[in-house]
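>
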Amino acid sequence: MNAQETVEVAPGAFHLPGFLPEPDQRRVLAAVEAIAAGPAGFYRPRVRGGGMMHCDMLCLGRHWNAMTYTYEPVRADYDDRPAPPLPADLARLAESAAAVAGYGLAPDICLVNRYGRDGRMGLHQDKDEDASALEAGVPVVSLSLGDTARFLLGGLRRREPAAAIALRSGDAFVMGGPSRLRYHGVARIFAGSGPAALGLDGRISLTYRQFALARPRGRVGSLRSREAPQSHALRRRLLDPHEC
Ligand code: SIN
Ligand code: MN
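Numbering follows this note's numbering, with no gaps: position 41 of the sequence shown is 41.
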């Protein structure tokens, strides 16, 4: 893991630019592509209002049902196939990113989003996990591959202003503690901006969660300390709405 510095962009929300070196990005992409080539690959979810999402999804560990906003073992809103398991090596990456930000995390769900050049995701909260995890502030961790995204980080209420952060290939973003329920979304994808060596047209994000606080390891979900590990410089920076 490679993060040069860890930027706390809001209390409990951390941007880890360059967290995954390019060889690791290639390995993660290959792992996602191998799962996607199996019986339960990417699909385009239809949401409650009847419209389609603007990205494809592939849920690992548990399926997130876009109609009911609940997690379940099978893809009941699509093809009834079981959600593929979350491989331990992919889960470990999120654990490491969470640890850099000072959090404990035992991820058992990963929602993989695939965005084309017109891909986007509206502002929303990630709040479909168990109350035990939400109340403890157990973080959601994302890893980005491919084209840069204009990621929006809002407040705890939908009407609060959102700031834009460029998430580049290899970046991790950790949203926990007092930021666990912040509104967030993806405003746009910068087509062709990803590393050529990855050979990915568009963007893939892996967003990890821990469903419930069943097996706490250390002080799961809480900031273990105000300092990041020594190898990672921790910087606090006010959100800048014009960053990208
Ligand atoms: C999400 O909030 O589910 C997706 C965020 C991202 O693609 O970075
Ligand atoms: Mn989300």
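The beta carbon of each residue, even a glycine, is placed where N, CA and C say it ideally should be. This one's a predicted model, so the numbers in the text were calculated from it and none came from an experiment.
Only counting the same chain, and skipping five residues up and downstream in sequence, which positions put a Cβ closer than 6 Å to that of Ala40?
Arg81 and Pro84
> Out of Gly38, Arg27, Met57 and Asp77, which has the shortest C-alpha to C-alpha gap to Arg48?
Asp77
> Any heavy atom of the ligand SIN within a distance shorter than 7 Å of the CB on Ala149?
yes
> Please give me, in chain order, every unbroken run of the alpha helix (DSSP H) with length at least 4 that falls completely inside the stretch 22 to 88.
22 to 36
> Is any heavy atom of the ligand SIN found at a distance shorter than 7 Å from the C-beta of Thr70?
No, Cβ of Thr70 sits at least 7 Å from all heavy atoms of the ligand SIN.
> Using CA coordinates, which residue listed in Val186, Val9 and Phe211 is at the minimum distance from Asn113?
Val186
> Reducing DSSP to helix, strand and coil, say where Gly119 ends up.
Collapsing the DSSP output to three states places Gly119 in coil.
> Residues in its own chain within less than 6 Å of Val141 by CB, not counting five upstream and five downstream?
So the qualifying residues of the chain are Ala94, Ala97, Ala98, Val174 and Tyr208.
> Whole angstroms are fine: how far does the CA of Gly51 sit from the CA of Asp108?
28 Å
> What do you reckon, is the C-beta of Ser144 under 7 Å from a heavy atom of the ligand SIN?
Ser144: yes, Cβ under 7 Å from the ligand SIN.
> Quick check on Gly154: buried or exposed, where buried means 16 or more other Cβ atoms within 10 Å of its Cβ?
buried
> Looking only at C-alpha atoms, which of Glu33, Val9, Gln210 and Leu90 sits nearest to Ala131?
Among Glu33, Val9, Gln210 and Leu90, the Cα nearest to that of Ala131 belongs to Gln210.
> Take Gly116 and list the residues in its own chain whose beta-carbon comes closer than 7 Å to its own, dropping the five residues that flank it on each side.
Gly202
> For Ile204 and Gly146, what's the separation of their Cα atoms in angstroms?
6 Å
> Which same chain residues end up closer than 6 Å to Ala172 when comparing Cβ atoms and leaving out the 5 residues on each side of it in sequence?
Leu16, Phe19, Ala97 and Leu143
> Please state whether DSSP places Ser193 in a helix, a strand or coil.
Coil, per DSSP.
> Hey, how far is the Cα of Pro23 from the Cα of Ser179?
31 Å
> In chain order, what residues of the same chain have a beta carbon less than 7 Å from the beta carbon of Arg219, not counting five sequence neighbours either side?
For Arg219, the predicted model reports a pLDDT of 47, less than 50, meaning its position is unreliable and no value from the coordinates is stated.
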